[in-house]
Ligand SMILES: Nc1ncnc2c1ncn2[C@@H]1O[C@H](COP(=O)(O)OP(=O)(O)OP(=O)(O)O)[C@@H](O)[C@H]1O
Ligand SMILES: [Mg+2]
């Protein structure tokens, strides 16, 4: 579903060049959930943003859902990007629009006709359990509710891939787990392929089948989460820091999750 071949990214040139991502291969099969782990500045967001070409690669090829994005531009690139939804740590909702308007605006940008937009936006909000908040503005929502609106917005155009950049990092652990459960459900029910940036090994344990560990723009570990055997010091560090969440982890008050 996602194939990066010798993709690299350098910001600036000469003495001030920053090698955010060294030449990297990454293949994510359809329906799988991959985690990108690493400390601050490792290149996680850069790698994620290269997948839908929010960041222009300095070299290499990027294929998404069988299509080579590398040479696309304009309308073709916009069309290809509809396969890819994205969510962020800071939600990035429009503060002057209600939850429903935030989702339907994304559909407008995706070129969905006016008559269908409202219906699909309502379906997307229902899918994340927020039907009762359609008319609320972002300022009236909790962090977890805002992230659910952002997920609904990302899902409304029915992408096959979801990219997540630290989507649960700004949330308390209880709210974070409720969001991760929602993502797991989307993966299982819709077969959605996901790539999630995190520096929290618990997130990878709970949700990811594979984890890729980045250090200073290089992949230093590729880990099968069912049978983790990190080879790098950084990979081992991540795995030693937490026991991780499971389906059995108790989640109190499931009815009124934020
Ligand atoms: N637009 C930019 N211009 C110049 N340098 C950049 C730019 N974006 C990222 N970088 C640099 O590239 C490197 C990787 O940044 P990136 O944002 O991918 O890290 P990250 O792993 O996501 O870190 P964090 O966990 O703090 O979000 C860093 O050294 C960063 O300063
Ligand atoms: Mg980042």
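Numbering (the working numbering), first residue to last: 25 to 282. Cβ coordinates follow ideal geometry from the N, Cα and C atoms, glycine included. All values derive from a computational prediction rather than experimental measurement.
Whole-angstrom C-beta distance between residue j and residue i, which should lie under 8 Å
i: residue 69; j: residue 221; result: 6 Å
i: residue 219; j: residue 61; result: With a Cβ gap of about 12 Å, residue 219 and residue 61 do not count as contacting.
i: residue 172; j: residue 216; result: Incorrect: roughly 16 Å between the Cβ atoms, too far for contact.
i: residue 176; j: residue 154; result: 7 Å
i: residue 170; j: residue 117; result: 6 Å
i: residue 104; j: residue 88; result: 6 Å
Status (buried if at least 16 other CB within 10 Å, exposed otherwise) for residue i
i: residue 162; result: buried
i: residue 277; result: Per-residue confidence for residue 277 stands at a pLDDT of 48, beneath the threshold of 50, marking its modelled position as unreliable; the derived number appears in the next sentence. So residue 277 counts as exposed.
i: residue 28; result: buried
i: residue 279; result: Any reading at residue 279 must be qualified, since the residue scores a pLDDT of 42, below 50, and its modelled position is unreliable; no value is offered.
i: residue 251; result: exposed
i: residue 51; result: exposed
i: residue 261; result: exposed
i: residue 101; result: exposed
i: residue 281; result: With a pLDDT of 36 at residue 281, under the threshold of 50, the modelled position of that residue is not reliable, and no figure is offered here.
i: residue 37; result: exposed
i: residue 271; result: exposed
i: residue 283; result: Outside the shown range of the chain (25 to 282) lies residue 283, about which nothing can therefore be said.
Closer than 7 Å: residue i CB and nearest ligand 1 heavy atom
i: residue 84; result: no
Extent of the continuous beta strand (DSSP E) run through residue i
i: residue 33; result: 26-35
i: residue 188; result: 185-189
i: residue 227; result: No beta strand (DSSP E) contains residue 227, which is instead part of the alpha helix (DSSP H) from 225-231.
i: residue 130; result: Note, residue 130: premise wrong, no beta strand (DSSP E); alpha helix (DSSP H) at 123-133.
N-terminal and C-terminal residue of the alpha helix (DSSP H) that residue i is part of
i: residue 70; result: 68-75
i: residue 47; result: No alpha helix (DSSP H) holds residue 47; the beta strand (DSSP E) holding it covers 42-52.
Proximity test, residue i beta-carbon vs ligand 2 heavy atom, cut-off 7 Å
i: residue 243; result: no
i: residue 237; result: no
i: residue 133; result: no
i: residue 219; result: no
i: residue 248; result: no
i: residue 224; result: no
i: residue 189; result: yes
**Q.** Below 5 Å from a heavy atom of ligand 1 - residues by beta-carbon
**A.** A Cβ closer than 5 Å to some heavy atom of ligand 1 marks a residue here, and those residues are 35, 42, 44, 64, 65, 66, 67, 68, 69 and 70.
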